[in-house]
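S.K.: Quick one: the structure is below, and I'll ask about it shortly.
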Amino acid sequence: MSAPTASGAPLRLGIAGLGTVGIGVVKIVQRHAEMLAARTGRPIEITAVSARDRSKNRDADLSGYAWETDPVALATREDVDVFVELMGGHEGAAKAATEAALAAGKDVVTANKALLAHHGQALAETAEAAGRVIRFEAAVAGGIPVIKALTEGLAGNQMRRVMGVMNGTCNYILTRMEDAGLPYDTVFEEASQLGYLEADPNLDVGGIDAGHKLSILAAIAFGTKVAFDDVVLEGIGRISIDDIRRAGDMGYKIKLLGVAQMTGRGLEQRMTPCLVPASSPLGQLTGGTNMVVLEGDSVGQIVLRGAGAGEGPTASAVMGDVLDLARGLRLPTFGQPANTLKEAQPAVTSAPAPYYLRIQLMDKPGALAKVASVLGDAGVSISRMRQYGHADSSAPVLIVTHKTTRDAIDAAIEGFPATRVVEGEPVAIRIEEL
Ligand SMILES: NC(=O)c1ccc[n+]([C@@H]2O[C@H](COP(=O)([O-])OP(=O)(O)OC[C@H]3O[C@@H](n4cnc5c(N)ncnc54)[C@H](O)[C@@H]3O)[C@@H](O)[C@H]2O)c1
Ligand SMILES: N[C@@H](CCO)C(=O)O
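Sequential numbering from 142 applies to the sequence shown in this note's numbering.
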């Protein structure tokens, strides 16, 4: 059999951003030109590129491409069919060039979760009004094809819950703290030296980057407009090595876990530290890897695991989008027309769950009874408890509650000081049932 030929017109890319991801895309286009053409029936070509510094030594041959200093000029070039936005940031050049590309009749592929979390609805409306397509597989969980899974393979399901570990840096920090027995500050510094952290580290450790990703998945899963401002965000900065160890003693791991679910009270979106069973797939996830768990009414639970960042995995996701466009696969941005997406009604409170409590209890007769009484008064019922030996005048007590609300836990925490047997600030972390 003769090799397939690429007889169709080339698909011409204009790539803005030649950093980690951009160069990864250039390398795939160059390395696999023949394979990509065979798979789509047409050559995939790069016609023009743009980045801040033209003279920078990059790990790819860019000599065959036109250079634009202005990404907007790149996005509107006549010889560009698809504008590939790999600059980052949700304002400035990324937004302006994406809008310019759509206005000029180009399709857009982006890895920019911040852009979509902040402007996804407006961009989707603009794109669809212009008959253009925006694709963004790389924006969520890097190399894991989760957008494709939701918009295509699982499209026949009513989604029940979407959750996952979507920031590799936070998962690296938490697992490194546990493995090496190091405090948060030391591991944060290590991660910084290794170049894992975003330019603004709070995007990672503050949960914002992962919150962007969760809000995008929630929009697709539940047919709602992206509502990043409604995501309850809490970072990992307050997680201590003590909590990691104590949670381990009770059979749990601490993860920065994103959960989105449609409840009778509205759309719940949380990106917060949670406890998950140590033996569960999420509990066993180590290092910088991502995991997304999708639950649909017909399919049940699907678990996707893989590299959430890095040159190869992220460029792989970008190329998946490019190939879909080359093949003529044109889906609405969030899986259904933008004007049919509903306004998300945020759930004011999160669904009841068991909680883990760590309380530093004084060594006094009746101390435990007083704590139990405060919990009882707040309507919190104890499922399991563990008390450590008193080396000093106080010792930690760990409590796993039955399902309760965050309000009840907060009411109990407010009641503890009056007992005069609790030292310091108790720690309360939600346990996510899987
Ligand atoms: N690096 C990853 O592993 C990863 C994973 C998933 C998604 N992303 C997303 O991919 C995008 C790119 O990330 P990256 O890690 O490659 O970034 P990077 O910092 O390595 O590269 C950014 C590139 O964009 C260029 N750029 C920035 N602003 C520009 C401007 N105003 N005009 C022209 N060029 C400009 C820079 O010169 C640089 O070449 C971001 O949206 C990021 O969130 C990255
Ligand atoms: N800072 C992100 C990069 C990928 O989006 C992470 O650590 O997962």
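Backbone N, C-alpha and C define an ideal beta-carbon position, used for all residues, glycine too.
#1: Relative to ligand 2, is the shortest distance from any of its heavy atoms to the C-beta of residue 339 smaller than 7 Å?
#2: Identify the continuous alpha helix (DSSP H) that holds residue 312 and give its terminal residues.
#3: Among 199, 235, 193 and 247, whose alpha-carbon lies nearest the alpha-carbon of residue 217?
#4: DSSP three-state label for residue 434, please.
#5: Roughly how many whole angstroms lie between the Cα atoms of residue 253 and residue 173?
#6: Could you tell me whether the segment 470-477 touches the segment 528-538, where touching means 3 or more Cβ pairs closer than 8 Å?
#7: Using a threshold of 7 Å, is the CB atom of residue 455 nearer than that to any non-hydrogen atom of ligand 1?
#8: Ordered along the chain, which non-local residues of its own chain (more than five positions away) have a Cβ less than 8 Å from that of residue 462?
#9: Given 7 Å as the limit, tell me if residue 399 has its C-beta closer than that to any heavy atom belonging to ligand 1.
#10: When we look at the beta-carbon of residue 489 and count the other beta-carbons within 10 Å, is it buried (16 or more) or exposed?
#11: If you reduce the DSSP assignment to three classes, tell me which class residue 247 lands in.
#12: Select from 267, 175 and 233 the residue whose C-alpha is nearest the C-alpha of residue 478.
#13: Exposed or buried, which one is residue 262 when buried takes at least 16 other CB atoms within 10 Å?
#14: Assign residue 330 to buried or exposed, taking buried as 16 or more other Cβ atoms, counted over all protein chains shown, within 10 Å of its Cβ.
#15: Let's see if you can read the secondary structure: which residues bound the beta strand (DSSP E) around residue 576?
#16: Does the beta carbon of residue 194 fall short of 7 Å from some heavy atom of ligand 1?
#17: Start and end of the alpha helix (DSSP H) containing residue 562?
#18: Rounded to a whole number of angstroms, what is the C-alpha to C-alpha distance between residue 553 and residue 336?
#19: For the alpha helix (DSSP H) containing residue 335, list its first residue and its last residue.
#20: Is residue 432 close to ligand 1? I mean its beta-carbon at under 7 Å from any heavy atom of the ligand.
#21: Quick check: what's the CA-CA separation for residue 369 versus residue 435?
#22: Under 7 Å from any heavy atom of ligand 1, does the C-beta of residue 460 make it?
M.R.: Let me spell this out:
#1: yes
#2: 309-321
#3: 247
#4: strand
#5: 24 Å
#6: no
#7: yes
#8: 250, 276, 277, 278 and 279
#9: no
#10: exposed
#11: coil
#12: 267
#13: buried
#14: exposed
#15: A question about residue 576 goes unanswered here, because the residues of the chain that appear run from 142 up to 575.
#16: yes
#17: Careful: residue 562 lies outside any alpha helix (DSSP H) and carries neither H nor E.
#18: 41 Å
#19: Neither: residue 335 is in no alpha helix (DSSP H) and is coded neither H nor E.
#20: no
#21: 19 Å
#22: no
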